[in-house]
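Numbering (our numbering), first residue to last: 6 to 345. Down below is the structure, laid out as structure tokens.
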Ligand code: ZN
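Printed below as a string of structure tokens:
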């Protein structure tokens, strides 16, 4: 089928689960009621995507507070009690980050509950996302490994363990979120890709990487304004991604400053092309989405195009996100009718 649709990852959480419209929301419950509420919200997220005609559905990331820390919570060897200030994303912002103080190990399964629950309740293909090793390594301080690449590879081993278990749970697509891939362009072709390939080692399911310019928070907007009219950062990393063993690359397209022609550098990969802008509340029309897909077809073979959102929708209002999901499903269908 041409132009299957999927989401980059997160959807807004219901207000009974977590504070709405926040990137780092507080949970409204705890203990067993919280665990149950996360699964209830997962089911709602799946149902919403099914109703919108989304082909590869996700868990909406209902069970995690933050895309990196949702994973780190399950890792031993990290000191969360004594955080230190560190410039992250090449000093784009300062953050208080936890410190790696010993060998990294997983405490147990990370996303088993929501993956199994989603799997039990949908016949659609199921995607689960994990943070990428390079992005994790850029979000913690290192007092043990002495080398960022070495630490990233250690995280990649943990990610691989969870990814293999998710595959065994029946997950069809495992995606790694790597916003750090447009920050450390020189390191991506060397240890960035090596860590990504280590994370997908041995997987038979479809594998994906999501790279992006981040949510619309102030530090990101200021940084984007400094990048000029044309954003060509991906020119340095797409050829390396094209040579890698990853199956799919998720990248923003609609309203992006990245020249669309750069997508041509991802030869051989499925391109999860963002046709939904998550930085605006204006809901795209199916017509507009089909138009973007038509433009992408100049650079990517149509059988390699997957219609996707530019990024996660976690901080959006639920009604807007829902309308955008509906538009995504309808836009992909229209493109199928038109260009199939
Ligand atoms: Zn993103």
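We put the CB at the ideal spot given by N, CA and C, even for glycine.
Q: Compare the beta carbon distance of residue 113 and residue 66 with 7 angstroms and say whether it is the shorter of the two.
A: Position 108 of the chain shown, counted from the first residue, corresponds to residue 113. Position 61 of the chain shown, counted from the first residue, corresponds to residue 66. With contacts defined by Cβ atoms closer than 7 angstroms, residue 113 and residue 66 do not form a contacting pair.
Q) Just to check, is the beta-carbon of residue 316 closer than 6 angstroms to a non-hydrogen atom of the ligand ZN? A) For the purposes of this step, residue 316 is identified with residue 311 of the chain shown, where counting begins at 1. Within the cutoff, so yes.
Q: Tell whether a beta-carbon distance below 7 angstroms holds between residue 318 and residue 312.
A: Taking the first residue of the chain shown as position 1, residue 318 is located at position 313. Taking the first residue of the chain shown as position 1, residue 312 is located at position 307. Their beta carbons are not under 7 angstroms apart, which means residue 318 does not touch residue 312 by this criterion.
**Q.** Reduced DSSP secondary structure (H/G/I, E/B, other) of residue 303
**A.** Translated into the one-based positions of the chain shown, residue 303 becomes position 298. Collapsing the DSSP output to three states places residue 303 in coil.
**Q.** Close beta carbons around residue 140, own chain, < 6 angstroms, minus the five adjacent residues each side
**A.** Here residue 140 is taken as the residue at index 135 of the chain shown, counted from 1. Counting only Cβ-Cβ distances below 6 angstroms, and skipping sequence neighbours, we find 183, 184 and 185.
Q.
Considering only DSSP beta bridges, list what residue 130 is partnered with.
A. As a working mapping, residue 130 is identified with position 125 in the chain shown. Residue pairing by DSSP puts residue 130 in a beta bridge opposite 61.
Q | residue 33, enclosing beta strand (DSSP E) - first and last residue | A | Within the chain shown, residue 33 is the residue found at index 28, counting from 1. Per DSSP, residue 33 belongs to no beta strand (DSSP E) and is neither H nor E.
Q: Kindly list the residues whose CB is nearer than 7 angstroms to the CB of residue 119, restricted to its own chain and excluding five residues on each side of it in sequence; keep chain order.
A: The sequence position of residue 119 within the chain shown is 114, counting from 1. Same-chain partners within the cutoff: 43, 44, 47, 64, 67 and 68.
Q) Mind pulling the alpha helix (DSSP H) runs of 4 or more residues that sit fully within the region 261-323? A) The DSSP assignment places complete alpha helix (DSSP H) segments of no fewer than 4 residues inside the region 261-323 at 291-301, in order along the chain.
Q: To the nearest angstrom, report how far apart residue 56 and residue 175 are at their CA atoms.
A: Counting from one through the chain shown, the residue named residue 56 turns up at place 51. Counting from one through the chain shown, the residue named residue 175 turns up at place 170. Their backbone Cα atoms lie some 21 angstroms apart in a straight line.
Q. Where do the N-terminal and C-terminal ends of the alpha helix (DSSP H) with residue 103 fall, by residue?
A. For the purposes of this step, residue 103 is taken as residue 98 along the chain shown, with counting starting at 1. Per DSSP, residue 103 belongs to no alpha helix (DSSP H); it is in the beta strand (DSSP E), 98-111.
(Q) Assess contact between the region 83-102 and the region 221-239, defined as three or more Cβ pairs (one per stretch) separated by less than 8 angstroms. Is contact present? (A) Three or more beta-carbon pairs drawn from the region 83-102 and the region 221-239 are found closer than 8 angstroms, and the two stretches are therefore classed as touching.
(Q) Taking a contact to mean a Cβ-Cβ separation below 7 angstroms, would you say residue 115 touches residue 72 in this structure? (A) As a position in the chain shown, residue 115 is number 110, starting the count at 1. As a position in the chain shown, residue 72 is number 67, starting the count at 1. In this structure, residue 72 does not lie closer than 7 angstroms to residue 115 by Cβ.
(Q) Using a Cβ-based criterion (distance less than 6 angstroms to any ligand heavy atom), does residue 217 qualify as near the ligand ZN? (A) The sequence position of residue 217 within the chain shown is 212, counting from 1. Correct: residue 217 has its Cβ closer than 6 angstroms to the ligand ZN.
Q.
Whole angstroms are fine: how far does the CA of residue 169 sit from the CA of residue 10?
A. Stepping through the chain shown from its first residue, residue 10 is reached at position 5. Stepping through the chain shown from its first residue, residue 169 is reached at position 164. For residue 10 and residue 169, the distance between alpha carbons rounds to 24 angstroms.
**Q.** Contact belief for residue 128 with residue 61 at Cβ below 8 angstroms, rounded distance in angstroms
**A.** The residue you call residue 128 lines up with position 123 of the chain shown. The residue you call residue 61 lines up with position 56 of the chain shown. With a Cβ gap of about 12 angstroms, residue 128 and residue 61 do not count as contacting.
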